[in-house]
Amino acid sequence: MAKRITIDPITRIEGHLRIDVEVDNNAVNNAWASCTMWRGIETILRGRDPRDAWMFTQRFCGVCTTVHAMASVRAVEDALKLEIPLNAQYIRNLILIGHGLHDHIVHFYQLSALDWVDILQVPKADPDKTAKLAESLSPWTRNSREEFKVAQDKVKAVAASGQLGIFMNGYWGHPAMRLSPEVNLLAFTHYVQALEYQRKALQVVGMLGSKTPHIQNLTVGGVANAIDLDSPSALGMDRLEAIRVLLDEVVRFVNEVYFVDVCALAAMYPEWFKIGSGVRNYLAVPDLPLDSKGSVYDLPGGYITNGNIGGVHAFKTASDKEFRESVSEDVTHAYYRGDKPLHPWLGETVPAFTGWDGEQKYSWVKAPRFQGQPMQVGPLAQVLIGYAQGHPLTRKYADLALAKVSALAGVHATPDMLQSTLGRHAARAIRAAMLAELAQKHWQLLVDNIAKGDFVVHNQPVFNGETEGVGTHEAPRGTLSHWVVVKDAKIKNYQAVVPSTWNASPRDRSGAHGPYEAALLRTPLARPEEPLEVLRTVHSFDPCMACACHAFDPSGREIAKVKVL
Amino acid sequence: MKNVLIAGIGNILLGDDGVGPYVARLLAAHYEFDPGVEIADLGTPALDLIDQISGRDAVILVDSIRVDCAPGAILLYRKPDIMRVCPSTRMDPHSPALVETLLSAELFSIAPRDVLLIGIVGASYDSGCRLSPSVVASVPPVIAKIRSELDRLGVTHHRRERPVESDIWWTVPDEIPILLPA
């Protein structure tokens, strides 16, 4: 007899993601992903000045503010066929890299590590043994017995108090948790240290964007940073040097801690390379432009269908014709009016809430499709698409990760194994290492360009008649696209197709599952009433339902963490 | 000198959820404070809130709340009230919010000693940049509450003789006439 399990932080307005799985014989045999709140924020933009749109779009989501700002200015610039000065490209790229590094570190340590790491095993660890183990894995200087002891004492104090506080809701002691006490202590210590380095990555964004969480320096046509090498208030050598120091520290943390931890974790849970693949169609857009026209990029894009890595198709530019013409959104199972898939420029957002019904409509997320197919987006898509094209930087870090996992686990890890729950974590760490190297490259490009005497940061936008544009960004969670129609210098239509819309998509008119849903099918559950394995797969996508309504709920009485029906 | 953060929290695109940022920007335009006071519109910071509150002596947060009270009602919560709320399963980065931030900050010994959350009950969280009339009416007493909390903390503040322009760029300010406390 199959039973239905709902995971839904139901009284919390912050948590919009709801997952329903049907479990039979301790395995998932059906799944539904839904968003419990109406988005449709795009309708606010109609009739506004396209030059202001980015200020509003960066409020879509409090976690990914900068990415929506960037996609928005790029959409308007695409509609106006506007070139972007080199300095502006490099400054924007550094902001995007800083944000991406911050996001990947936060995701692994704060949002998903505790799916694999058992906090209540930490007090049993031997700090000496932990230090020896750590030394064999990485040259990180903060892998000392003292740091491990301090971190362990924190957990001991929390455990002794009987008030688990922040750790109240974990699946501690679950049979799917398998790390030794020492590895648990190692990971927990890095969880504590990660807080410092994620903050440094965010400081880079703030120093270039003049503020976080909402950057202020963007403008349609470039950036608003004044460049003056001698002025402390402008972007000069002092500030650039401070940015370099911060980046170097973050780069070291990524290479010596995050990347190593993910490889070690993968080696200890190798069965998760066989779980959670789901939709094997992948999509990524090129990003980090290297010229003012946007014709050369540091990160490649394209698409793969049916897991056929050898048959990759490449996109030449970030607004590639094939990409522009191939995206549509289906609302068959979403709470909107409409009877056929629509291209985003023609997109409608007319709500029609009917209540959760797995057979009919069950989500506020539309179902985006590329050439009619569901697509998986995110670091895994980007890494596979880059690897398939022979992109040297992708190959460098992907091969390094696979070699580390192979050596630690005594298996032969292949790129094909990345199509899995664990592969999504590995791909995110690979992408973080790539971004870390590119951070230093783009810092140098900016400094060298300024040294040539080029201080230009902005080209003036000129509006003319009715035009359409798409602005893309390969965000931490994957392909983000903003679609704008500009008429007489006003916004006529605006749609944002965000990464989590691709991945958290509901079924479409043909009944095809979205990526979260498909990835959950056949997942084994050791204890269905404690569906840790479901969380592992869902978290591996780094879900973020970009609507961010945030009202505090002080009651906390009815938090239906997991409901078994 | 005390290091104090006064932060407006909420999404300006979702109706009354924008009251926190609105109050923060209005406050900055009309009042002056000790140099140790920072006023910020933080939007919906989720986990990044920990960076904003860590190492401060005191934090005053203004946010919309969802309780069974009339729209516009103002409720106050101190640190122990907030930390009593059970943290929920982390589904996405928005889930770890205020409760988890404070619990983490306590664990890492970086939490501010004083925390006051001034909660305003919203009438509507539909998409749009306007506040409901009942929520607008709650703004002057919220500002009065912020000032009395600053008095309690021993932080000086006074009304500007000439207010600077309030940077509430997302809505039309003259539609919201507000009588501010002197």
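Protein chains in written order, with this note's numbering: chain Y, 77 to 641; chain W, 1253 to 1434.
Glycine residues also receive a C-beta, built at the ideal position from the N, C-alpha and C atoms.
Please compile the residues from chain Y whose C-beta is within a distance smaller than 7 Å of the C-beta of residue 1297(W).
138, 289
Spatially closest choice to residue 1253(W) from 1287(W), 1279(W), 1387(W), by CA coordinates:
1287(W)
Quick check on the burial criterion: 16 or more other C-beta atoms within 10 angstroms. Buried or exposed for residue 1321(W)?
exposed
Using a beta-carbon distance cut-off of less than 8 Å, what residues from the segment 1380-1391 of chain W approach chain Y?
1380, 1381
Can you pull the chain Y residues whose beta carbon is under 9 Å from the beta carbon of residue 1255(W), in chain order?
Residues of chain Y passing the Cβ test: none, with the nearest at roughly 17 Å.
Leaving aside the five residues before and after residue 1290(W) along the sequence, list all residues of the same chain whose C-beta is less than 6 Å from its C-beta, in chain order.
1257
Quick check on residue 1360(W): does DSSP put it in helix, strand or coil?
coil
Beta-carbon separation (whole angstroms), residue 187(Y) vs residue 615(Y), contact threshold 8 Å
6 Å
Can you find a CB in chain W that lies within less than 8 Å of the CB of residue 241(Y)?
yes
When you compare each of 601(Y), 572(Y), 220(Y) to residue 423(Y) by their alpha carbons, which one comes out closest?
572(Y)
Using DSSP bridges, identify the partner residues of residue 294(Y).
299(Y)
Contact between the segment 207-220 of chain Y and the segment 253-270 of chain Y (3+ Cβ pairs under 8 Å)
yes
Taking just the CA atoms, how far does residue 362(Y) sit from residue 321(Y)?
28 Å
Residues near residue 325(Y) by beta carbon distance below 7 Å, same chain, minus five either side:
273, 276
Measuring only the C-alpha atoms, how far is residue 496(Y) from residue 195(Y)?
25 Å
Among residues of its own chain, excluding the 5 on either side of residue 309(Y), which ones have a beta-carbon nearer than 7 Å to its beta-carbon?
none
Check whether residue 508(Y) and residue 281(Y) have beta carbons under 8 Å apart:
no
Along chain W, in chain order, which residues have C-beta atoms closer than 7 Å to that of residue 117(Y)?
1265, 1379
For the beta strand (DSSP E) holding residue 411(Y), just list the boundary residues, first then last.
Looking at the DSSP string, residue 411(Y) is not in any beta strand (DSSP E), and its letter there is neither H nor E.
Given residue 118(Y), which residues of its chain have a CB within under 7 Å of its CB, disregarding the five upstream and five downstream residues?
425, 570, 571, 572
Note down, one range per segment and in chain order, each beta strand (DSSP E) of at least 3 residues found wholly within the segment 404-479 of chain Y.
443-446
Does the Cβ of residue 600(Y) have 16 or more other Cβ atoms within 10 Å, making it buried, or fewer, making it exposed?
exposed
Apart from the five residues just before and just after residue 536(Y), which ones in its own chain have a Cβ nearer than 7 Å to its Cβ?
297
Counting only beta-carbon atoms, is residue 1290(W) nearer than 8 Å to chain Y?
no
Those residues which DSSP pairs with residue 118(Y) across a bridge:
Answer by DSSP bridge pairing: none, since residue 118(Y) is not bridged.
Would you give the residue range spanned by the beta strand (DSSP E) that residue 566(Y) belongs to?
566-573
Check whether chain Y comes within 8 Å of residue 1366(W), counting only Cβ atoms and requiring the distance to be less than that.
no
By the criterion of Cβ-Cβ separation under 7 Å, what are the contact partners of residue 599(Y) in chain W?
Here the premise fails: no neighbours, minimum Cβ distance about 16 Å.
Those runs of the beta strand (DSSP E) which lie wholly inside the segment 135-219 of chain Y and span at least 3 residues
none
Looking at residue 555(Y): is its Cβ nearer than 8 Å to the Cβ of residue 575(Y)?
yes
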